[in-house]
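J.: Quick one: the structure is below, and I'll ask about it shortly.
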Amino acid sequence: WEVYVSQPTTKTNEKGFISSASVIEAFLSLSPSPNAIKVYQAIWNKQNKSKGKGQFVRCVKRRTDKSDRGGNVVAAMEISNVDSVDKVYRIITEHMKLGE
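Right, dumping it as structure tokens:
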């Protein structure tokens, strides 16, 4: 899986706001194996404008067969307001079907 975490274009010092670095660290720490998840920071032209206090996360699973050199997308999802380690855990276990 490849995970892209939004990098805010403005500073956010609101109480209860989880930083993109914290979300990235949570994905890396909760990954069931070192190569299961690759995490990147991303800035999109259209940032998440909702009033939630979490990050916008895009998860992409690519086919990694030797016959498929392009790495075609098998599954993709976008999740907004990722604001806790619990939500990262739920994404990894329930949506990405990794772990436990």
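The numbering of the sequence shown is my numbering, which starts it at 50 and goes up by one. C-beta: ideal position from N, C-alpha, C; glycine also.
#1: Among E143, C108 and N84, which one has its Cα closest to the Cα of V72?
#2: Suppose you measure from the CA of R112 to the CA of I67; what does that come to, to the nearest Å?
#3: Using the three-state DSSP reduction, which class does S69 fall into: helix, strand or coil?
#4: Measure the CB-CB distance between E127 and K87 and report whether it falls below 7 Å.
#5: Looking only at C-alpha atoms, which of A124, H144 and A70 sits nearest to G103?
#6: So is V123 buried or exposed if we call it buried at 16+ other beta carbons inside 10 Å?
#7: State the DSSP-derived secondary structure class of I128, mapped to helix, strand or coil.
#8: For N85, which of helix, strand or coil comes out of DSSP?
#9: Return the CA-CA distance between L77 and N130, expressed in angstroms with no decimal places.
T.: In brief:
#1: Per the Cα distances, C108.
#2: When rounded, the distance between both Cα atoms is 31 Å.
#3: In the three-state reduction of the DSSP assignment, S69 falls in the helix class, which pools H, G and I.
#4: No, Cβ-Cβ distance for E127 and K87 is not below 7 Å.
#5: Here the closest residue by C-alpha is A70.
#6: With fewer than 16 other Cβ atoms within 10 Å, it is exposed.
#7: Look at I128 here: in three-state DSSP terms it is strand.
#8: Residue identity differs from the one stated: residue 85 is Ala in this sequence, not Asn. DSSP places A85 in coil when its eight states are reduced to three.
#9: Taking the Cα positions, L77 is about 18 Å away from N130.
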